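Have a look at the structure below, then the notes.
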Amino acid sequence: MGIGLVILIHLFMLLILSSIFAILSCTCTYFVSKKENRKRKIIFAFISPFVIFYTFYIVGIISLSIVSENKKVDMGIGDAWYVPLKNDYQLLFIDVPEQAGINKENGVTVISEVEKIEENATQIFGKTTGNRYFLLDTKTDDLKIFDTDKELSALHAVKKLNLVETTEFYSKRKNDIMGYWPLLIFFFL
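For the sequence shown, our numbering begins at 33 and goes up steadily by one.
If you want it as structure tokens, here you go:
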């Protein structure tokens, strides 16, 4: 699902939510307000939820776009999700989280169908869905494929391998990178 369709769905859901709040606020305003200026107050009560929710959404999209562009991480909506890795590499998901791959930032896919991953300095260790293991040196662009985790572990003498699911790695990395930036930008816009 493309980002345009996702935004249209969000806008439609905001329309429904705003309508519910508008009806509730109009009803409350009708019973609480005095007869004088009641019509103006009801119109204000009807319009306010739409203005509030749509303003909040648009400013949120703008702040996420700013952070996404500056931090090289996705906005969190759409059909592609990515986070940066060392030396101009990125972990990229397209359509579904199970279709993860490691790409250069210029778009060249280095390895696809990544299931588990660990990043250690300039080395990326991982497991593919075909039960194969890999070691990618991001400094030298050297990729080695292994049939077993023991072969991979032999090259990783510093500590025991700690491969995590790609979705977990993505979530943690994205939270580490984005932090509270979208909120800070939201409050300053």
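Glycine residues also receive a C-beta, built at the ideal position from the N, C-alpha and C atoms. No experiment lies behind these values; they were computed from the predicted model shown.
Subject >> Residue of Leu193, Asp173 and Thr172 minimising C-alpha distance to Lys182 >> reply: The residue given as residue 182 occupies position 150 in the sequence shown. The option with the nearest alpha carbon to Lys182 is Leu193.
Original post:
What is the DSSP secondary structure of Asn135, counted as helix, strand or coil?
Top reply: The sequence position of residue 135 within the sequence shown is 103, counting from 1. In this structure, Asn135 counts as strand in the three-state DSSP scheme.
Original post:
Cα-Cα, which of Ser185, Ile126 and Gln155 is closest to Leu175?
Top reply: Here residue 175 refers to the residue found at position 143 when the sequence shown is read from its first residue. If we check each option's Cα against that of Leu175, Gln155 comes out closest.
**OP:** Answer with buried or exposed for Asp179, where buried requires no fewer than 16 other C-beta atoms within 10 angstroms of its C-beta.
**Re:** The residue given as residue 179 occupies position 147 in the sequence shown. With fewer than 16 other Cβ atoms within 10 Å, it is exposed.
**OP:** Look up Val91 in the DSSP assignment and say whether it is helix, strand or coil.
**Re:** Counted from its first residue, the sequence shown places residue 91 at position 59. The answer is helix: DSSP assigns Val91 an H, G or I state.
Original post:
By a C-beta neighbour count over all protein chains shown, 10 Å radius and 16 as the cutoff for buried, is Met24 buried or exposed?
Top reply: Since the first residue shown for the chain is 33 and the last is 221, residue 24 is missing from the structure and cannot be characterised.
Original post:
What are the residues that DSSP puts in a beta bridge with Tyr121?
Top reply: Here the question's residue 121 lines up with position 89 in the sequence shown. Answer is Lys136, bridged to Tyr121.
**OP:** Count the other C-beta atoms from every protein chain shown that fall within 10 angstroms of the C-beta of Leu47, then say buried if there are 16 or more, exposed otherwise.
**Re:** The residue labelled residue 47 in the question sits at position 15 within the sequence shown. Exposure of Leu47 is indicated by the presence of fewer than 16 other C-beta atoms within 10 angstroms of its C-beta.
Original post:
How is the alpha helix (DSSP H) around Ser57 delimited, first residue to last?
Top reply: What you label residue 57 is simply residue 25 of the sequence shown in a count that begins at 1. For Ser57, the enclosing alpha helix (DSSP H) covers residues Ile35 to Val64.
Subject >> Coil, strand or helix - Asn194 by DSSP >> reply: Indexing the sequence shown from 1 puts residue 194 at position 162. Note: Asn194 maps to coil in three-state DSSP.
**OP:** Would you decide whether Ser95 is buried or exposed? Buried here means 16 or more other CB atoms lie within 10 Å of its CB.
**Re:** In the sequence shown, the residue the question calls residue 95 occupies position 63. Under this definition Ser95 is a buried residue.
**OP:** Taking the CB atoms as reference points, tell me whether Ile35 and Val115 lie closer together than 8 Å.
**Re:** To locate residue 35, count along the sequence shown from 1; it is residue 3. To locate residue 115, count along the sequence shown from 1; it is residue 83. The Cβ-Cβ distance between Ile35 and Val115 does not fall below 8 Å.
Original post:
DSSP three-state call for Lys148: helix, strand or coil?
Top reply: Locating residue 148 in the sequence shown gives position 116, counting from the first residue. Of the three classes helix, strand and coil, the one that applies to Lys148 here is strand, per DSSP.
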